[in-house]
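Trainee: The following block contains the structure, expressed as structure tokens.
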DNA sequence: CTGTTAGCGCTTTCAA
DNA sequence: TTGAAAGCGCTAACAG
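Chains as they are written, first to last, in the UniProt record's numbering: chain A, 1 to 378; chain B, 1 to 378.
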């Protein structure tokens, strides 16, 4: 057979009707004699029959596929974890995923949604690298849709719990006795890199914990760009301005990488001479010498949970996620200092459902490597 | 309108037949009066009509979508370049891409192909991270299919031109006067990591160039795993065994990263005390201090060209690619030493179409950073 | 220039 | 337990 076999071909070969073939191949509740079933399967197998999902979709109104709109996430190596989570979770539910890359334009996202609607996906995930509040057309009724790593009015959203992570990072240092801490990568809330809501929350968490402990950074270096260069120069600056500094908090791993480079050049041993704590857990963090302690962003989890959310249609989230109103994090700021020791970022804030919009926050997981040494608190 | 509008709805609103709507919306050659066209577009717009691609596909037998089967490429950060190339090229041709991750099992790839066939993709790209010779079911007639970064009997394939890259890497060092070169990351051809055809070719290229220049490595360190740890330990070993070594060739960037770490610890300045050349151009390479000179793998290009190959159905490849029989690289080994200075890996070997199977090799691009200093050849 | 109509391959009542 | 037939939304002859 050189041409693609259809169900009719299977039916003919098995000596039954197409209806029967359909019934058998779908294991429908309807009872079909075992003998017939055998014949049908046999025939299908013999012909190498593959059911046309397109026709099935047309008829059933469900495609068993979901759309993933990536706003620069495929471009960003360490966020490919999100894609991985999506692919895995979708596969477990027998759904295919159609992927579309849009760049950072909100208009392009709207276009992609339309394109995907036309292709009859059953649900849509919108993953965005540069976290922000998206301006999107209102969601289509009947098409489950969630935003990952950003928010959008009218859309359900998953975000990393950056505020808690900020607190945890500071705690990681202070709990080990560090009092003179430098900070590299400060961003002002009124001038965030690409207006990142995540970075804003991270900064607020850091400040909240500092305030809770009645501390100030020994010196801090402001920067919008978060690259190794900044970490390198920043460390030199910190150590110059506050020589008694025992630890540096890096705003992300790439900065921390620069911190290491500066330390090496100054002949400072990490962690004994200088301890380092960071955010993200890029692949890089594990490669450094010594390994970098950092807080892992839940990209993989956002991917997995996003799929679960749109396909299982759970109205509220399970264990891993804790739902919070968009504005509530800063408000709960000074409230709690119940820092348990080993897994700072894993603790969950009590659900404070204030906003109509449903925003679900996932914790960053602490990854302890060897970049932090304990100090006697003076 | 809460329900999804169909073409019939548009037709009714515009006061014409569905055939007319179809004709208009597809800009078919058939002339339709401007007035009617206006009305149709107007109606479609008013209803927010989106054509059902599923029905269209069923009718036309073309889905305008392609499948991408990823054997661990989405898992590998720096190979996401491949996905990027695919997405871009597909988008330019108005094709959607359906992605499926399989892990490293060939059987899973076969399954994915079947799944994708069922979903009526017009073509399939199989991208594999761990380059090898895949054991796949023969390709389906009428379904263009190419393998990226590996080979498979009966399939067209794109591979990085590792043999030439190996030669270029050695040349990068020798042309700058280095004679005492250490090599970290040697693999034996009879025991390649995951049987990688790419790594094998890389090794052969390195040896070929060495032979052509009548050189031997001052010392070489064997290792199947290519991680920073190996680079670190390996460098210590090289410098111990051959203290007069002026340069290290790293089998990949991760090893080179370890080389840097060892150099830092030994107080050796790169590149003046020790020069380093490497392969891959992972993101890491640009972050190091000083930047690492390396050869960029053409993942992005493989993605783009793969799409072009399956959608444009070009029988032989354009400019960027040069076609070679599978086994021919090693044979042309000693032949040419015409190393032009600035872009060693860009040169192309003359097409030597020997095998029935069409294999297209793409050059690695040299990325010159500051990790290499010139030496007076003694 | 525009409308009628016959399917694309499948699922699913409804009858037998 | 099985088959006949309608129809999912669209395109493309073929008429008019």
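The beta-carbon is built from N, C-alpha and C at its ideal position, and this holds for glycine as well.
Any C-beta of chain B within less than 9 Å: which residues of the stretch 237-262 of chain A qualify?
Mentor: Cβ contacts with chain B: 254, 257, 258, 261.
Trainee: Would you mind telling me which residues of chain A sit closer than 9 Å to residue 33/B, beta carbon to beta carbon, in chain order?
Mentor: Result: empty, since nearest Cβ-Cβ is about 27 Å, beyond 9 Å.
Trainee: Look at the Cβ atom of residue 228/A, then the Cβ atom of residue 254/A, and state whether they are nearer than 7 Å.
Mentor: Closer than 7 Å, so yes.
Trainee: Give a yes or no on whether the minimum CB-CB distance between residue 113/A and chain B is below 7 Å.
Mentor: No, no contact with chain B.
Trainee: Does any C-beta atom of chain B lie closer than 7 Å to the C-beta of residue 304/A?
Mentor: False, the Cβ-Cβ gap to chain B never drops below 7 Å.
Trainee: Taking 7 Å as the limit between beta carbons, can you name the residues of its chain near residue 132/B, skipping five residues before and five after?
Mentor: Excluding sequence neighbours, residue 132/B sits near 150, 194, 195, 196, 197.
Trainee: Does any CB atom of chain B fall closer than 7 Å to the CB of residue 84/A?
Mentor: Yes, residue 84/A counts as interfacial toward chain B.
Trainee: Enumerated in chain order, which unbroken segments of the alpha helix (DSSP H) with a length of 4 residues or greater are wholly contained in the UniProt domain "HTH lacI-type" (5-60) of chain A?
Mentor: 7-14, 18-25, 34-47, 53-60, all fully within the UniProt domain "HTH lacI-type" (5-60) of chain A.
Trainee: Which chain B residues sit within Cβ distance under 7 Å of residue 228/A?
Mentor: Going along chain B in sequence order, the residues near residue 228/A (Cβ under 7 Å) are 287.
Trainee: Just to confirm, are residue 97/B and residue 99/A a CB contact at a threshold of 7 Å?
Mentor: Yes, the pair counts as a contact, with Cβ atoms nearer than the cut-off.
Trainee: Using alpha carbons as the reference points, say which of 55/B, 83/B, 246/B lies closest to residue 302/B.
Mentor: The candidate whose alpha carbon is nearest that of residue 302/B is 83/B.
Trainee: How many Å lie between residue 213/B and residue 294/B at the Cα?
Mentor: So the two alpha carbons sit approximately 21 Å from each other.
Trainee: Is residue 203/B buried or exposed, if buried means 16 or more other CB atoms sit within 10 Å of its CB?
Mentor: So residue 203/B counts as buried.
Trainee: Under the DSSP definition of a beta bridge, which residues are partnered with residue 183/A?
Mentor: 220/A, 249/A, per the DSSP bridge assignment.
Trainee: If you draw a straight line from the alpha carbon of residue 329/A to that of residue 171/A, how long is it in whole angstroms?
Mentor: With a pLDDT of 37 at residue 329/A, under the threshold of 50, the modelled position of this residue cannot be trusted, and the question is left open.
Trainee: Are the beta-carbon atoms belonging to residue 238/A and residue 245/A less than 7 Å from one another?
Mentor: Yes, the Cβ-Cβ distance between residue 238/A and residue 245/A is below 7 Å.
Trainee: Between residue 57/B and chain A, is there a C-beta pair that is closer than 7 Å?
Mentor: So yes, residue 57/B belongs to the interface.
Trainee: Do residue 50/B and residue 68/B count as a contact pair if the criterion is CB distance below 7 Å?
Mentor: Contact flag unset, no.
Trainee: Ignore the nearest five residues each way along the sequence and tell me which others in residue 95/B's own chain have a CB closer than 6 Å to its CB.
Mentor: Excluding residues within five positions, the ones whose Cβ falls inside 6 Å are 64, 65, 66.
Trainee: First and last residue of the alpha helix (DSSP H) that includes residue 82/B?
Mentor: Where residue 82/B is concerned, the enclosing alpha helix (DSSP H) stretches over 80-92.
Trainee: From what residue to what residue does the alpha helix (DSSP H) around residue 106/A run?
Mentor: First-last of the alpha helix (DSSP H) with residue 106/A: 106-118.
Trainee: Can you tell which of 225/B, 369/B, 249/B has its C-alpha closest to the C-alpha of residue 210/B?
Mentor: Residue 249/B is the option with its Cα nearest to residue 210/B.
Trainee: Under 7 Å between C-beta atoms, does residue 218/A make it to chain B?
Mentor: Output row for residue 218/A: interface = no.
Trainee: Using the Cβ count rule (16 or more neighbours within 10 Å means buried), how would you classify residue 42/A?
Mentor: By the 10 Å Cβ count, residue 42/A comes out exposed.
Trainee: Among all the DSSP beta bridges, which residues are the ones paired with residue 97/B?
Mentor: Answer is 99/A, 66/B.
Trainee: When DSSP labels each residue in this structure, what does residue 235/A get in the three-state scheme?
Mentor: Correct three-state label for residue 235/A: helix.
Trainee: Out of curiosity, what's the CA-to-CA distance linking residue 165/A and residue 181/A?
Mentor: So the two alpha carbons sit approximately 17 Å from each other.
Trainee: Taking beta-carbon pairs under 8 Å, can you tell me which members of the stretch 86-104 of chain B lie near chain A?
Mentor: Cβ contacts with chain A come from 87, 88, 91, 96, 97, 98, 99, 100, 101.
Trainee: Would you please verify whether the beta carbon of residue 51/A is less than 7 Å from any beta carbon of chain B?
Mentor: Taking Cβ atoms only, chain B reaches closer than 7 Å to residue 51/A, which makes this a yes.
Trainee: Using 10 angstroms around the beta-carbon of residue 3/A, count the other beta-carbons present and answer buried if the total reaches 16, otherwise exposed.
Mentor: Counting Cβ neighbours within 10 Å, residue 3/A comes out exposed, since fewer than 16 surround it.
Trainee: Buried or exposed: where does residue 298/B fall if 16 or more other Cβ atoms within 10 Å of its Cβ makes it buried?
Mentor: Residue 298/B should be labelled buried.
Trainee: I need the straight-line Cα distance from residue 16/A to residue 39/A, nearest angstrom please.
Mentor: Approximately 9 Å between the Cα atoms of the pair.
Trainee: In this structure, does DSSP put residue 176/A in helix, strand or coil?
Mentor: Coil at residue 176/A, not helix or strand.
Trainee: Using alpha carbons as the reference points, say which of 161/A, 243/A, 167/A, 116/A lies closest to residue 208/A.
Mentor: Out of 161/A, 243/A, 167/A, 116/A, 167/A has the C-alpha closest to the C-alpha of residue 208/A.
Trainee: Could you tell me whether any Cβ in chain B is nearer than 7 Å to the Cβ of residue 119/A?
Mentor: At least one chain B Cβ lies under 7 Å of residue 119/A.
Trainee: How many Å lie between residue 37/B and residue 48/B at the Cα?
Mentor: Rounded to the nearest angstrom, the two C-alpha atoms are 16 Å apart.
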